[in-house]
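Residue numbering for the sequence shown follows this note's numbering, starting at 30 and increasing by one per position.
Glycine included, C-beta positions come from ideal geometry on N, C-alpha and C.
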Amino acid sequence: MFGQVCWVLFALVVGMPSSFAEQGLMDHSSEMVSGELKAKRLGPSKVDPVVIGKVRYEVIHWGKERGLKQNGGYIAAFDASSGKELWILKVYDVAYNPNLEGDVQDVFIVSMSKGFFSGKLHIEDEKGRNFIIDPDTRGVEQE
Numbered sequence: 030m031f032g033q034v035c036w037v038l039f040a041l042v043v044g045m046p047s048s049f050a051e052q053g054l055m056d057h058s059s060e061m062v063s064g065e066l067k068a069k070r071l072g073p074s075k076v077d078p079v080v081i082g083k084v085r086y087e088v089i090h091w092g093k094e095r096g097l098k099q100n101g102g103y104i105a106a107f108d109a110s111s112g113k114e115l116w117i118l119k120v121y122d123v124a125y126n127p128n129l130e131g132d133v134q135d136v137f138i139v140s141m142s143k144g145f146f147s148g149k150l151h152i153e154d155e156k157g158r159n160f161i162i163d164p165d166t167r168g169v170e171q172e
């Protein structure tokens, strides 16, 4: 009897993760590792574009998808009327440790705004670091 109970419990535990997936209880932010459900990092929040003059500035979260060397830390400038991309600027470096999973090391921009009087972009990353971008020179200054 004891052996049967153990076998039933084992079957339930082994079958549970697939049941979760079938019921939609697992999503892209979770993965199975060695039979255990592990939470992965959630994606970055949307950052609204900023328009200064005739140029629209947007945050690029997924730089690697565009052939860039890192995720996070990039902005792109677009002609506001035509939508043509003018340039891309790396605001900061993301240092990756090859012994750790890459996506947990990404550092994303969380806010971007126009300075009140300066016409410069103010950017904050997930680590709380603040940067000022001069769109005319593409200079980056960390506050």
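Secondary structure of residue i, DSSP reduced to three states
{"i": "Arg95", "result": "helix"}
{"i": "Gly168", "result": "strand"}
{"i": "Asp132", "result": "helix"}
{"i": "Leu71", "result": "coil"}
{"i": "Lys113", "result": "coil"}
{"i": "Ala124", "result": "coil"}
{"i": "Asp108", "result": "strand"}
{"i": "His83", "result": "In the sequence as displayed, the identity of residue 83 is Lys instead of His. Coil at Lys83, not helix or strand."}
{"i": "Val139", "result": "strand"}
{"i": "Val88", "result": "strand"}
Buried or exposed by the 16-neighbour rule on C-beta atoms within 10 Å, applied to residue i
{"i": "Pro127", "result": "exposed"}
{"i": "Lys149", "result": "buried"}
{"i": "Ala106", "result": "buried"}
{"i": "Phe145", "result": "exposed"}
{"i": "Val133", "result": "exposed"}
According to DSSP, residues forming a beta bridge with residue i
{"i": "Asn159", "result": "Glu153"}
{"i": "Lys27", "result": "The chain is shown from 30 up to 172; residue 27 falls before or after that span and cannot be answered."}
Assumed close pair residue i, residue j - CB separation to whole angstroms, cut-off 8 Å
{"i": "Asp108", "j": "Val84", "result": "7 Å"}
{"i": "Glu172", "j": "Ile161", "result": "6 Å"}
{"i": "Glu155", "j": "Val139", "result": "6 Å"}
Candidates the options: closest to residue i by CA position
{"i": "Ile81", "options": "Ile89, Leu97, Gln171 and Pro164", "result": "Pro164"}
{"i": "Val76", "options": "Leu97, Gly112, Glu94 and Gly102", "result": "Gly102"}
{"i": "Trp91", "options": "Gly144, Glu155 and Asp135", "result": "Asp135"}
{"i": "Pro78", "options": "Tyr125, Arg167 and Tyr86", "result": "Tyr86"}
{"i": "His151", "options": "Glu130, Ile104 and Ser74", "result": "Ile104"}
{"i": "Leu97", "options": "Ile117, Ser110 and Ala106", "result": "Ile117"}
{"i": "Lys93", "options": "Ser111, Glu114, Gly131 and Gly157", "result": "Gly131"}
{"i": "Gln99", "options": "Val88, Ser110, Tyr125 and Gly112", "result": "Tyr125"}
{"i": "Glu170", "options": "Val120, Arg95 and Gly112", "result": "Val120"}
{"i": "Met141", "options": "Arg95, Ser111, Ile89 and Thr166", "result": "Ile89"}
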